[in-house]
Amino acid sequence: MASNIVLTLPDGSTRDVVSGTRAAEVAAAIGKGLAKAAVAARLDGEWIDLERPIEHAGALEIITDASPDGREVLRHSTAHVMAQAVTDLFPGARYAIGPAIEDGFYYDFELPDGARFTDEDLPRIEARMQEIVKAAQPFVREEVARDEGLERFSDQPYKREIIERVDASEVGEGSVISVYRNPRSGNDDFVDLCRGPHVPTTKRLGSFKLTKVAGAYWRGDEHGPQLQRIYGTAWESKKALEEHLHRLEEAERRDHRKLGVELDLFSFPEEIGSGLAVFHPKGALVRKIMEDYSRERHEAGGYSFVNSPHITKEQLFQTSGHLDWFADGMFPPMHVDEGSGEGTKYYLKPMNCPFHILIFRSRLRSYRELPLRMFEFGSVYRYEKSGVVHGLTRVRGMTQDDAHIFCSKEEMPQELGSLLDFVLELLRDFGLEDFYLELSTKPPDKAVGTDEEWEEATAALRAAAERAGLELVLDEGGGAFYGPKISVQARDAIGRTWQLSTIQVDFQMPQRFELEYVGADNERHRPIMIHRALFGAIERFFGILVEHYAGAFPVWLAPVQVAVLPVADRHEAYATRLVDRLRAEGVRVEHVAAHSDGLGARVRRAKLEKVPYVLVVGDEDADAGTVGVNVRGSEEPERGVAVDDLVERVRAAVLTHA
RNA sequence: GCCGGGGUAGCUCAGUCGGUAGAGCAGCUCACUCGUAAUGAGCAGGCCAGGGGUUCGAGUCCCCUCCCCGGCUCCA
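Numbering (our numbering), first residue to last: 186 to 843.
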């Protein structure tokens, strides 16, 4: 006998329904639009299918297709459809896991006889998927006992492993597992192990595209079997799919590797080696401006500048511990002075800290010197694995804007607070505005330092972060073994996030190097050390800025701020005077003479080079002492602008970092 | 490091069945002297990533190395 139950909706209203009512019916009762947009539901926070009968009272939420949750359902269901298509087209294929991810989904497969997917397979799979969508197969949920599940997936070892693992860790002995069945004409339905929920039928899907095929390890284990992963993207409508593909194109347009070539900023000559960049004159100029500005700010911020060499004897990295836990990330040693004996091993440095520590330790330090802040643009070399190097954002040779702060335990909270302010201010000066912070705390298993020290340092970092008033994400247990850290994440112009600065408290190094200072009490104390980099690496930050600005650097950073284009040869004298004047005002100006190309061609080239101000000077300007100004990003050039006004505009743009 | 795809002129790319290398842009020269996104003509430009092999003959087929791209793992 069905009884009535009360469902509470997110707006607080209630619905009195017969027990066994399905979420789809509730949605339909609320409105046509909602029913159409619904893809799944949540009852008391638990995901359920629209078609699943609701047996008890609770809070019901209808999940709609264009919401983050709704898209997750669409994507996950699309992943199932892809698995069905693949098993159709590649008999014997084993399927492993296929979750929804940001903007899409993937599914991992193992093909018989070690076969591999190629890019040419994707259109075939897509076509088959569209057939499945057209067939409007329902997703039917079934709950089966663990043993039956194992049996049903007898030819699917990865599924069996999931069942065994889930059973042991999450659900417990004897519990049921859920599977989803897609009935189809023919006799063998496609069945996948899945916790759900799914859309009611495949008809709800269709706005998807398979994007790439790649290798992936089973359960992310480098030593486990390597599977074939197919990635796709899926959306609630064709329009949303198109918009997503357009965003990908936009990101591609901003790719710093492409712009680096086009704007003649940097390159990676094959002759030098993987992940080793050279900066061309224009790129090096931008970099110099970045470095000069950083130095200026550090000088004002109470930092001392230091310098250290690129290589060192093995012993230093033994003392620091790098050779114990970071040897894989270091270039192999050089052997020198090997005449008759063993000689000496030297290493390229992967980090600057040991050098700064030696400077601290070069003489006895007083508490009066603390906090002692040592800054260096320190070049380091890391042996990044061959598959991970990526443009300027992941390189093997880089220069860090590195500093190490030695302070007393008592000074630490204050120092961390002002440090975070300093970091954020500098990043804002480079046009990044949108940040959030990540706080990484003590790893559960292995850590140096006492619990008390960790708590103290973590609390100090947290206080600094909270005072900054930014969103704070907790990365529980994600700290390095030697201390907690804050990392600053920045969102760029198209919403991508980049990890930039890190502020890391270190209990380990002062101990290993037995650092001390003499306190006011005339006793010796161990200082706290703070590692911090603002840009992270200059190369990487440079790459991020290129993408953030899509190559159109703000005036203060632009390698060429003004281009002067005389209309014809007879205006060369006036143009030269103008260029000299601007140069004298400190403006970075390029004179593009009239003798070879037409004016239109020269304007075009300057525009493609993303020069902020393109000045055209002709008869009228020579007579009146004015310039024609074509500002980057504007359609209409201005005529008859007084040179003084132009100089003032450039100067103002530089000062405000506009 | 692993899986997959690649490497042809400075850049973007074509190159058939294994038969001896091609375009556009950029560069250089000349002409044009022009008011806001491509003036025209001509010239030059290549160890087809490098090495080895198969073959009468290799950009093309095979092997090794280097480098790049997309992922995985990694990012202390």
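Where is the CB? At the ideal position from N, CA and C, for every residue including glycine. Treat the numbers as computed from the prediction; the structure is a model and nothing was measured.
Asked, Found
"Taking its Cβ as the centre, do 16 or more other Cβ atoms sit within 10 Å of ARG553, making it buried, or is it exposed?", "exposed"
"Quick check on DSSP: helix, strand or coil for GLU355?", "At GLU355, the pLDDT of 48 sits below 50, so the modelled position is not reliable; the number obtained from the coordinates is stated separately. GLU355 falls in the helix class under three-state DSSP."
"What span of residues does the beta strand (DSSP E) with TYR416 cover, start to end?", "411 to 420"
"Who are the Cβ neighbours of GLU499 in its own chain at under 8 angstroms, not counting the five residues just before and after it?", "LEU508, PRO518, THR529, LYS530, TYR531 and TYR532"
"From what residue to what residue does the alpha helix (DSSP H) around HIS733 run?", "723 to 733"
"Select from ASP677, ARG350 and ILE542 the residue whose C-alpha is nearest the C-alpha of HIS733.", "ASP677"
"Applying the criterion that 16 or more other CB atoms from any shown protein chain within 10 Å of the CB defines a buried residue, is HIS589 buried or exposed?", "buried"
"Runs of 3 residues minimum, wholly inside the region 371 to 456: which ones carry the beta strand (DSSP E) assignment?", "375 to 378, 392 to 402 and 411 to 420"
"Using beta-carbon positions only, say whether SER571 and VAL703 come within less than 9 angstroms of one another.", "no"
"Tell me the DSSP secondary structure of SER686 in three-state form.", "strand"
"Does the Cβ-Cβ distance between ALA312 and PHE294 come in under 9 angstroms?", "no"
"From PRO276 to VAL266, what distance separates their C-alpha atoms?", "15 angstroms"
"Classify ASN492 as buried or exposed, calling it buried when 16 or more other Cβ atoms lie within 10 Å of its own Cβ.", "exposed"
"Count the other CB atoms, across all protein chains shown, that sit within 10 Å of the CB of ASN367; report buried if there are 16 or more and exposed otherwise.", "buried"
"Under 9 angstroms, do ALA213 and ILE239 count as touching if we go by C-beta distance?", "no"
"If you drop the 5 nearest sequence neighbours on each side, which residues of the same chain put their C-beta closer than 8 angstroms to that of GLU833?", "none"
"Kindly confirm or deny that the region 751 to 764 and the region 773 to 792 touch, where touching means at least three C-beta pairs closer than 8 angstroms.", "yes"
"Rounding to the nearest angstrom, what Cα-Cα distance links LEU624 and PHE290 in this structure?", "29 angstroms"
"Within 8 angstroms, do at least three Cβ pairs link the region 633 to 645 to the region 691 to 703?", "yes"
"Let me confirm a value: LEU601 is counted as buried when at least 16 other C-beta atoms fall within 10 Å, else exposed. Which label applies?", "buried"
"Between SER392 and VAL446, what straight-line distance do the alpha-carbon atoms span, to the nearest angstrom?", "35 angstroms"
"What is the DSSP secondary structure of VAL839, counted as helix, strand or coil?", "helix"
"Contact check, CYS379 vs VAL364 under 8 angstroms by CB: the rounded distance?", "7 angstroms"
"Considering only C-alpha positions, which residue in the set GLN269, ARG331 and SER422 is nearest to ASP373?", "GLN269"
"Hey, quick one: how far does the beta strand (DSSP E) through VAL361 stretch, first residue to last?", "361 to 367"
"Here's a check: name, in chain order, each residue in its chain whose Cβ is nearer than 8 angstroms to the Cβ of GLU336, leaving out the five neighbours to either side.", "none"
"Can you give me the C-alpha to C-alpha distance between ALA648 and GLN315, rounded to a whole angstrom?", "53 angstroms"
"Could you tell me whether the Cβ atoms of LEU685 and ARG581 are closer together than 9 angstroms?", "no"
"So what's GLY299 in DSSP terms, helix, strand or just coil?", "helix"
"Does the Cβ of LEU742 have 16 or more other Cβ atoms within 10 Å, making it buried, or fewer, making it exposed?", "buried"
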